[in-house]
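*Asks:* Take this structure first; my questions come after.
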Amino acid sequence: VENSKKTLEELLQAVKVPILIGCSGNKEKDVEMFKLTAEVSESERLLLSAADKATWEEVVPLAVKYDHNCLLWTSLDMNNQIKMNKDAMELGLGRDRIVMDPTCATLGYGLEYSFSMYQRMRLAGLLGEDNLAFPISGGTTNAWGAREAWMSEKRAPDWGKRQYRGPLWEIYNALSLIVVGFYLIFLSIWTFIEIDLGGFELYLFTIITIIIIVIALPLLILYIRGNVYNKPIQSYYEWFIAQSDNIETIYSCLVLYPIFSGKTHPDKGFNRAYKI
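When you line the sequence shown up against the UniProt record's numbering, it's residues 1 to 276, in that order.
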């Protein structure tokens, strides 16, 4: 714990970027560590990660006392996330200090449920649920829990090289959740930039994939809805573009919400989307 305090002091002097204080999973040691590190970095507005159902009553007051942000971690349960967010605010944590982590499930082993949970929370926040109107984070490092990511080439020769397969598994875990509201992504590697494919090709491939998912696909869906089903898309398209400075918000409100709700015009139910 003392080493953590010393390391953080040195880090604060060395860098000028946002810092997140992670934890080990040992609840008692984590709380002790947060007490020391939060105090030594008072008013630096770091992110204490994380406060869960076992530690939030001790960690949140530290964030309040020493002027930090706090990540509130639940296990794929929207009601528990709402409750923890409310409880944290009742302890004095400001709305601008909260980051949610509903848990990032692993690609192939529950990602669909995680995707659905992130989507529900994001849309609920956009549509007026104040207790869910917070940035969403997640550890895409959980992707390494899937055997497809770590299985050796000897045991699974048809799956390709592990040095590429593992990072790609994590990247697609992240990309899948970006489209439903990911703000803060915890990656274990920077391989998607540096990987020897060479590195530029995979980096370019990742950027193109993001563009397709976040921009091209929504526009294609809008085109189909407007030209095939004769839906009035131009007016609410311009309305969203004019009011949004966030392409991910445009995607969630303009595409996901109209598709799943059947509503096609801002005058018929979209007016609450930008109250947060």
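Glycine included, C-beta positions come from ideal geometry on N, C-alpha and C.
1) Quick check: VAL31 and VAL59, are their CB atoms within less than 8 angstroms of each other?
2) What are the start and end residues of each continuous alpha helix (DSSP H) run of 4 or more residues lying completely inside the segment 99–185, in chain order?
3) Looking at the strands, I want to know which residues DSSP matches up with ALA51.
4) Can you look up ILE19 in the DSSP assignment and give me helix, strand or coil?
5) Are ALA143 and GLU170 closer than 8 angstroms when you measure CB to CB?
6) Write down the C-beta distance between MET89 and THR74 rounded to the nearest angstrom, noting that I regard them as a contact closer than 8 angstroms.
7) If you count every other CB in all the chains shown that lies within 10 Å of the CB of VAL179, and 16 or more means buried, which is it?
8) Using the Cα positions of GLY22 and GLU10, report the straight-line distance between them to the nearest angstrom.
9) Can you tell which of TRP159, GLY139, THR140 has the C-alpha that lies nearest to the C-alpha of ARG147?
10) Taking 8 angstroms as the cut-off, decide whether the C-beta atoms of HIS68 and LEU91 are in contact.
11) Within the present structure, is the beta-carbon of GLU153 separated from the nearest heavy atom of the ligand HEM by less than 7 angstroms?
12) Between LYS65 and ASN131, which are expected to be in contact by the criterion C-beta below 8 angstroms, what is the C-beta distance as a whole number of angstroms?
13) In whole angstroms, what separates the C-alpha of residue 334 from that of ILE136?
14) Under a three-way DSSP split, which group does LEU36 fall into?
15) Alpha carbon to alpha carbon, what distance is there between ALA124 and MET78?
16) Which two residues bound the contiguous alpha helix (DSSP H) that contains ASN26?
17) How far does the alpha helix (DSSP H) with LEU62 in it extend, from its first residue to its last?
18) Taking its Cβ as the centre, do 16 or more other Cβ atoms sit within 10 Å of ASP96, making it buried, or is it exposed?
19) Find the nearest neighbour of ASN80 within the set LEU126, LEU107, ASP52, ILE98, judged by alpha-carbon distance.
20) Thinking just about the alpha-carbon of each residue, which of SER152, GLU153, ILE98, ILE82 is nearest to the one in MET121?
21) Could you name the residues of the same chain whose beta carbon sits closer than 6 angstroms to that of GLN55, not counting the 5 residues immediately before and after it, in chain order?
22) I'd like to check one pair, LYS6 with THR37: are the Cβ atoms closer than 8 angstroms?
23) Do LEU71 and ASP101 have their beta-carbon atoms positioned less than 8 angstroms apart in this structure?
24) Out of SER43, ALA50, GLY139, which has the shortest C-alpha to C-alpha gap to PHE34?
25) Compare the Cα-Cα distances from ARG165 to each of SER152, LEU177, LYS29 and report the closest residue.
26) Quick check on ASP77: does DSSP put it in helix, strand or coil?
27) I'd like to check one pair, LEU20 with GLU44: are the Cβ atoms closer than 8 angstroms?
28) Kindly list the residues whose CB is nearer than 7 angstroms to the CB of VAL1, restricted to its own chain and excluding five residues on each side of it in sequence; keep chain order.
*Replies:* If we stick to the structure as given:
1) For this step, residue 31 is matched to residue 31 along the sequence shown. For this step, residue 59 is matched to residue 59 along the sequence shown. Closer than 8 angstroms, so yes.
2) 111–126, 147–150, 162–178
3) By 1-based counting over the sequence shown, the position of residue 51 is 51. For ALA51, which the question treats as bridged, DSSP gives the partners LEU72.
4) Counted from its first residue, the sequence shown places residue 19 at position 19. It is coil, neither helix nor strand.
5) On the sequence shown, position 143 is the one that residue 143 refers to. On the sequence shown, position 170 is the one that residue 170 refers to. In contact: ALA143 and GLU170 (Cβ atoms closer than 8 angstroms).
6) Position 89 of the sequence shown, counting from 1, holds the residue named residue 89. Position 74 of the sequence shown, counting from 1, holds the residue named residue 74. About 15 angstroms; that fails the 8 angstroms criterion.
7) If you number the sequence shown from 1, residue 179 lands on position 179. Its Cβ being crowded by 16 or more others within 10 Å, VAL179 is buried.
8) Reading the sequence shown from its first residue, position 22 is the one you call residue 22. Reading the sequence shown from its first residue, position 10 is the one you call residue 10. If I take the Cα positions, the gap works out to 16 angstroms.
9) As a position in the sequence shown, residue 147 is number 147, starting the count at 1. Of TRP159, GLY139, THR140, the residue nearest in Cα terms is TRP159.
10) As a first step, residue 68 is located in the sequence shown; it is residue number 68 there, counting from the start. As a first step, residue 91 is located in the sequence shown; it is residue number 91 there, counting from the start. Going by C-beta atoms, HIS68 is not nearer than 8 angstroms to LEU91.
11) Of the ligands one can find in the structure shown there are none, so the ligand HEM has no counterpart to examine.
12) One-based indexing of the sequence shown puts residue 65 at position 65. One-based indexing of the sequence shown puts residue 131 at position 131. Not a contact, Cβ separation roughly 23 angstroms.
13) Since the first and last residues shown for the chain are 1 and 276, residue 334 lies out of range.
14) Here residue 36 corresponds to residue number 36 of the sequence shown, with the count starting at 1. LEU36 falls in the helix class under three-state DSSP.
15) In the sequence shown, residue 78 corresponds to position 78, counting from 1. In the sequence shown, residue 124 corresponds to position 124, counting from 1. When rounded, the distance between both Cα atoms is 10 angstroms.
16) Counting from 1 along the sequence shown, the entry for residue 26 is found at position 26. Where ASN26 is concerned, there is no enclosing alpha helix (DSSP H), given that its DSSP letter is neither H nor E.
17) For the purposes of this step, residue 62 is identified with residue 62 of the sequence shown, where counting begins at 1. Start and end: 56–65.
18) Residue 96 sits at position 96 when you count from the first residue of the sequence shown. It counts as exposed.
19) Indexing the sequence shown from 1 puts residue 80 at position 80. The shortest C-alpha separation from ASN80 is found at ASP52.
20) Stepping through the sequence shown from its first residue, residue 121 is reached at position 121. The residue with the shortest Cα to Cα distance from MET121 is ILE82.
21) On the sequence shown, residue 55 is found 55 positions in, with the first residue counted as 1. Checking the sequence, you will find Thr at residue 55 rather than Gln. Excluding sequence neighbours, THR55 sits near LYS27, VAL31.
22) Taking the sequence shown and counting its residues from 1, one reaches residue 37 at position 37. Taking the sequence shown and counting its residues from 1, one reaches residue 6 at position 6. Not a contact, by the Cβ cut-off of 8 angstroms.
23) For this step, residue 101 is matched to residue 101 along the sequence shown. For this step, residue 71 is matched to residue 71 along the sequence shown. For ASP101 and LEU71, yes; Cβs fall inside 8 angstroms.
24) For the purposes of this step, residue 34 is taken as residue 34 along the sequence shown, with counting starting at 1. Measuring from the Cα of PHE34, the nearest candidate turns out to be ALA50.
25) By one-based count along the sequence shown, residue 165 stands at place 165. Residue SER152 is the option with its Cα nearest to ARG165.
26) On the sequence shown, residue 77 is found 77 positions in, with the first residue counted as 1. Of the three classes helix, strand and coil, the one that applies to ASP77 here is coil, per DSSP.
27) Numbered from 1 along the sequence shown, position 44 holds the residue referred to as residue 44. Numbered from 1 along the sequence shown, position 20 holds the residue referred to as residue 20. Not closer than 8 angstroms, so no.
28) If you number the sequence shown from 1, residue 1 lands on position 1. Around VAL1: LYS29, GLU32, MET33, LEU36.
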